[in-house]
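J.: The opening position of the sequence shown corresponds to residue 4 in the numbering used here, with each subsequent residue numbered one higher.
No residue lacks a Cβ here, since even glycine has one placed at the ideal position from N, Cα and C.
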Amino acid sequence: MKNKLILLLITCVLSAFTGCGTVTTQTVHEQNPTSQTTAPQPTATEQTTTEATPEEPVLAEVVFLAAGDNLIHSSLYKQAAARADGGGYDFAFAYQNIADLISVADIAVINQETIVSDLFPPSTYPRFNSPTALGDHMIELGFNVFTIANNHTLDMGEQGLLASLDYWDGKENIVVAGVYRNAADRDNIRTNTVNGITFSYLSYAEQLNGLSLPEGSPVIIGRIDSELMVSEIKKAKSVSDFCVVALHWGVEDSPLVSDSQRALAQILAEAGADIIIGTHPHVLRDIELLTRADGTQALCAYSLGNFISAQNQARNLIGGVLQFKVTMQLNDNDPNRRPVISGIEFIPLITHFDGSYQNVRLYKFSEYTPALAEANGVKRFDSKFSYDYIGTVLKEISYISDS
Numbered sequence: 004m005k006n007k008l009i010l011l012l013i014t015c016v017l018s019a020f021t022g023c024g025t026v027t028t029q030t031v032h033e034q035n036p037t038s039q040t041t042a043p044q045p046t047a048t049e050q051t052t053t054e055a056t057p058e059e060p061v062l063a064e065v066v067f068l069a070a071g072d073n074l075i076h077s078s079l080y081k082q083a084a085a086r087a088d089g090g091g092y093d094f095a096f097a098y099q100n101i102a103d104l105i106s107v108a109d110i111a112v113i114n115q116e117t118i119v120s121d122l123f124p125p126s127t128y129p130r131f132n133s134p135t136a137l138g139d140h141m142i143e144l145g146f147n148v149f150t151i152a153n154n155h156t157l158d159m160g161e162q163g164l165l166a167s168l169d170y171w172d173g174k175e176n177i178v179v180a181g182v183y184r185n186a187a188d189r190d191n192i193r194t195n196t197v198n199g200i201t202f203s204y205l206s207y208a209e210q211l212n213g214l215s216l217p218e219g220s221p222v223i224i225g226r227i228d229s230e231l232m233v234s235e236i237k238k239a240k241s242v243s244d245f246c247v248v249a250l251h252w253g254v255e256d257s258p259l260v261s262d263s264q265r266a267l268a269q270i271l272a273e274a275g276a277d278i279i280i281g282t283h284p285h286v287l288r289d290i291e292l293l294t295r296a297d298g299t300q301a302l303c304a305y306s307l308g309n310f311i312s313a314q315n316q317a318r319n320l321i322g323g324v325l326q327f328k329v330t331m332q333l334n335d336n337d338p339n340r341r342p343v344i345s346g347i348e349f350i351p352l353i354t355h356f357d358g359s360y361q362n363v364r365l366y367k368f369s370e371y372t373p374a375l376a377e378a379n380g381v382k383r384f385d386s387k388f389s390y391d392y393i394g395t396v397l398k399e400i401s402y403i404s405d406s
């Protein structure tokens, strides 16, 4: 059963726990019997008793973090260019207030909403392209998994998309999911192993803004199709302990979760998805636990909102990151063993900019103030933005609880 907890206005960091415990197993080593045909029976004084020694559990733990849309408008790359010493781009200012959140994670996943490539000059809405310096900085922050199947995947066409793949492929220990060079590449499920636990990653987009690949192109973009996703999730679970599914879906600017989305999330959880990370609406939506038929649970964030952007609606500036721990007993030989999610925490983030979209930057809500809210440049476009408004929005979103 899904339990929900309304985020308190005075609370800026929300923690919850699944209440699940790890189950350890003991392996008994039996003494091999001595054959009577090859050796005499020992005398009473020679007989010894070997007691079975329980095997100590070997527990692995991974700190996992998920973020929403990294949406790089012109104000962000222009301020990065202005701050760079000797040319190039310096994105540090935009993210410096939340850098410590990312650095503590073993795995940090983000939806890179914009193409990252130097093949074309930087561009903004409606067709985005970001300099590779952005990707470099995201990696420097600690992000090591990038989902790139979204409605802006084809903003720079096939040529820009392949250039972006070339950039990501040049980075070590970085996982990129959602776009594949060909069918054989897609069959290669993206995985990484951290602290002994193997994670797999799948990424799908609901739509591509009406754009399409050239006829005959071998490139494949992950698209939302329940039958295909179930098949790929099952395949991913066959090569991993924990399956991460990123869905770029839903109606933009709406906090409402549709019945069809809830139904699809349940189908994917039953197939083996352990976490579903929703993006695209650019606003926060519910976070909940989904209970499978066998009683186990999956975690679903229907939308984590924007990680950063320069959008001009009040609700678009309220996002957050989802953090939790994944633990598993490594020396458990049970083929049905599952990793355990615990310590779930949602950390609200606020995008702030001065007048005329200057100095775009992120704050943890715990460090944001009413004075900053009153000075946020978004008030020029949406006057309802305020510190109290942020609290109201956060109270509207439902989160899981172990109670």
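Could you please give the first and the last residue of the uninterrupted beta strand (DSSP E) stretch that includes Arg364?
T.: Counted from its first residue, the sequence shown places residue 364 at position 361. 361 to 367 is the extent of the beta strand (DSSP E) around Arg364.
J.: Taking the alpha-carbon of Phe67 as reference, which of Gly163, Val197, Ser241 has the nearest alpha-carbon?
T.: Sequence index remark: in the sequence shown, residue 67 carries index 64 (1-based). Taking only the C-alpha atoms, the option nearest Phe67 is Val197.
J.: With DSSP as the reference, label Phe146 as helix, strand or coil.
T.: As a position in the sequence shown, residue 146 is number 143, starting the count at 1. It is coil, neither helix nor strand.
J.: What does the alpha-carbon distance come out to for the pair Ala268 and Thr294?
T.: On the sequence shown, residue 268 is found 265 positions in, with the first residue counted as 1. On the sequence shown, residue 294 is found 291 positions in, with the first residue counted as 1. Approximately 11 Å, taken between the alpha carbons.
J.: May I have the straight-line CA-CA distance separating Ala266 from Lys240, to the nearest angstrom?
T.: On the sequence shown, residue 266 is found 263 positions in, with the first residue counted as 1. On the sequence shown, residue 240 is found 237 positions in, with the first residue counted as 1. The straight-line gap from Cα to Cα measures roughly 21 Å.
J.: Measure how close the beta-carbons of Leu104 and Ile350 come, nearest whole angstrom, since I'm counting them as under 8 Å.
T.: As a position in the sequence shown, residue 104 is number 101, starting the count at 1. As a position in the sequence shown, residue 350 is number 347, starting the count at 1. Contact holds; Cβ gap of about 6 Å.
J.: Please name the residue in Glu370, Glu348, Gly358 whose C-alpha comes closest to that of Ser401.
T.: As a first step, residue 401 must be located in the sequence shown, where it is residue number 398. Here the closest residue by C-alpha is Glu348.
J.: Return the residue from the list Leu250, Glu218, Ile280, Phe388 that minimises the CA-CA distance to Pro229.
T.: Along the sequence shown, one-based indexing puts residue 229 at 226. The question names Pro, but residue 229 is Ser in the sequence shown. Taking only the C-alpha atoms, the option nearest Ser229 is Leu250.
J.: Kindly confirm or deny that the region 212 to 223 and the region 177 to 188 touch, where touching means at least three C-beta pairs closer than 8 Å.
T.: Yes, they touch.
J.: Please determine if the region 143 to 156 and the region 115 to 131 are in contact, where contact requires at least 3 C-beta pairs separated by less than 8 Å.
T.: Yes: the two stretches touch, three or more of their Cβ pairs being nearer than 8 Å.
J.: Quick one: give me the first and last residue of the beta strand (DSSP E) that Glu230 is part of.
T.: Your numbering for residue 230 matches position 227 in the sequence shown. Careful: Glu230 lies outside any beta strand (DSSP E), inside the alpha helix (DSSP H) at 229 to 241.
J.: Pick from Ala102, Leu165, Gly323: whose alpha carbon is nearest that of Leu122?
T.: Working through the sequence shown from its first residue, we reach residue 122 at position 119. For the residues Ala102, Leu165, Gly323, the minimum Cα distance to Leu122 belongs to Leu165.
J.: Please report how far the alpha carbon of Val381 lies from the alpha carbon of Leu352, in whole angstroms.
T.: Along the sequence shown, read from residue 1 onward, the residue named residue 381 stands at position 378. Along the sequence shown, read from residue 1 onward, the residue named residue 352 stands at position 349. Rounded to the nearest angstrom, the two C-alpha atoms are 15 Å apart.
J.: Between the Cα of Arg383 and those of Tyr366, Asn315, Val178, spot the shortest distance and give me the residue it belongs to.
T.: Locating residue 383 in the sequence shown gives position 380, where the first residue counts as 1. Checking every option, the nearest Cα to that of Arg383 belongs to Asn315.
J.: Taking the CB atoms as reference points, tell me whether Ile177 and Asp244 lie closer together than 8 Å.
T.: Position 174 of the sequence shown, counted from the first residue, corresponds to residue 177. Position 241 of the sequence shown, counted from the first residue, corresponds to residue 244. No, these two residues do not count as a Cβ contact at 8 Å.
J.: Between which two residues does the beta strand (DSSP E) containing Thr300 stretch?
T.: Mapped onto the sequence shown, residue 300 falls at position 297. Rather than Thr, the amino acid found at residue 300 in this sequence is Gln. Its beta strand (DSSP E) spans residues 300 to 304.
J.: Does Pro284 pass the burial test, meaning 16 or more other C-beta atoms within 10 Å, or should it be called exposed?
T.: What you label residue 284 is simply residue 281 of the sequence shown in a count that begins at 1. With 16 or more other Cβ atoms within 10 Å, it is buried.
J.: Does the beta-carbon distance from Ile290 to Leu325 come in below 8 Å?
T.: Along the sequence shown, one-based indexing puts residue 290 at 287. Along the sequence shown, one-based indexing puts residue 325 at 322. Contact flag set, yes.
J.: Can you find the residues in the same chain that come closer than 6 Å, C-beta to C-beta, to Leu74, ignoring five residues on each side of it along the sequence?
T.: As a working note, residue 74 is residue 71 in the sequence shown. Within the same chain, Leu74 has close Cβ partners Glu116, Asn309, Ser312.
J.: Can you list, in chain order, the residues of its chain with a C-beta nearer than 6 Å to that of Ala70? Leave out the 5 residues immediately preceding and following it.
T.: Here residue 70 corresponds to residue number 67 of the sequence shown, with the count starting at 1. Closer than 6 Å at Cβ, skipping near neighbours: Ile113, Phe310, Val324.
J.: Alpha carbon to alpha carbon, how far is Pro342 from Leu292?
T.: Mapped onto the sequence shown, residue 342 falls at position 339. Mapped onto the sequence shown, residue 292 falls at position 289. Distance between the alpha carbons of Pro342 and Leu292: 15 Å.
J.: If distances are taken between C-alpha atoms only, which option among Gly163, Tyr170, Glu235 comes closest to Ala272?
T.: Here the question's residue 272 lines up with position 269 in the sequence shown. That would be Glu235, whose Cα lies nearest to the Cα of Ala272.
J.: For the alpha helix (DSSP H) containing Ser78, list its first residue and its last residue.
T.: For the purposes of this step, residue 78 is taken as the residue at position 75 of the sequence shown. 77 to 86 is the extent of the alpha helix (DSSP H) around Ser78.
J.: If you follow the alpha helix (DSSP H) that Gly412 is part of, which residue opens it and which one closes it?
T.: Residue 412 lies beyond the residue range present for the chain, which begins at 4 and ends at 406; the question has no answer from this structure.
J.: Nearest to Ser263 by alpha carbon, out of Pro217, Glu209, Gly163?
T.: Here the question's residue 263 lines up with position 260 in the sequence shown. The option with the nearest alpha carbon to Ser263 is Glu209.
J.: Cα separation between Leu397 and Arg288?
T.: Counting from one through the sequence shown, the residue named residue 397 turns up at place 394. Counting from one through the sequence shown, the residue named residue 288 turns up at place 285. Cα-Cα distance, rounded: 10 Å.
J.: Can you check the region 280 to 325 for any beta strand (DSSP E) of at least 3 residues that lies completely inside it and give the ranges in chain order?
T.: For the region 280 to 325, whole beta strand (DSSP E) runs of length 3 or above, ordered along the chain, are 290 to 294, 300 to 304, 309 to 311.
J.: What beta strand (DSSP E) runs, 3 residues minimum, are completely inside the region 170 to 216?
T.: Whole beta strand (DSSP E) segments, 3+ residues: 178 to 180, 193 to 197, 200 to 208.
J.: Bridge partners of Glu64, per DSSP?
T.: The residue you call residue 64 lines up with position 61 of the sequence shown. Answer is Thr330, bridged to Glu64.
J.: Does the beta carbon of Ser203 sit closer than 8 Å to a beta carbon anywhere in chain C?
T.: Although the question refers to chain C, the structure presented lacks it and comprises just one protein chain.
J.: Nearest to Gly358 by alpha carbon, out of Val65, Glu377, Glu64?
T.: In the sequence shown, the residue the question calls residue 358 occupies position 355. Of the candidates Val65, Glu377, Glu64, the one whose C-alpha sits nearest the C-alpha of Gly358 is Glu377.
J.: Going along the chain, which residues of its own chain have a beta-carbon closer than 6 Å to the beta-carbon of Ala304, five neighbours each way excluded?
T.: In the sequence shown, the residue the question calls residue 304 occupies position 301. Result list for Ala304: Ile280, Gly281, Ile290, Leu325, in chain order.
J.: Considering only C-alpha positions, which residue in the set Phe94, Ile192, Leu320 is nearest to Ala136?
T.: Taking the first residue of the sequence shown as 1, we reach residue 136 at position 133. When each option's Cα is compared against that of Ala136, the closest is Phe94.
J.: Please report the Cβ distance between Phe356 and Asn362, rounded to the nearest whole angstrom; I am assuming they are in contact, meaning their Cβ atoms lie under 8 Å.
T.: Sequence index remark: in the sequence shown, residue 356 carries index 353 (1-based). Sequence index remark: in the sequence shown, residue 362 carries index 359 (1-based). Right, their Cβ atoms sit about 6 Å apart.
J.: Among all the DSSP beta bridges, which residues are the ones paired with Ile393?
T.: If you number the sequence shown from 1, residue 393 lands on position 390. Paired residue(s): none; Ile393 is not in a bridge.
J.: Write down the C-beta distance between Leu333 and Val65 rounded to the nearest angstrom, noting that I regard them as a contact closer than 8 Å.
T.: Residue mapping note: residue 333 aligns to position 330 of the sequence shown, counting from 1. Residue mapping note: residue 65 aligns to position 62 of the sequence shown, counting from 1. At roughly 12 Å, the Cβ-Cβ gap does not stay under 8 Å, so Leu333 and Val65 are not in contact.
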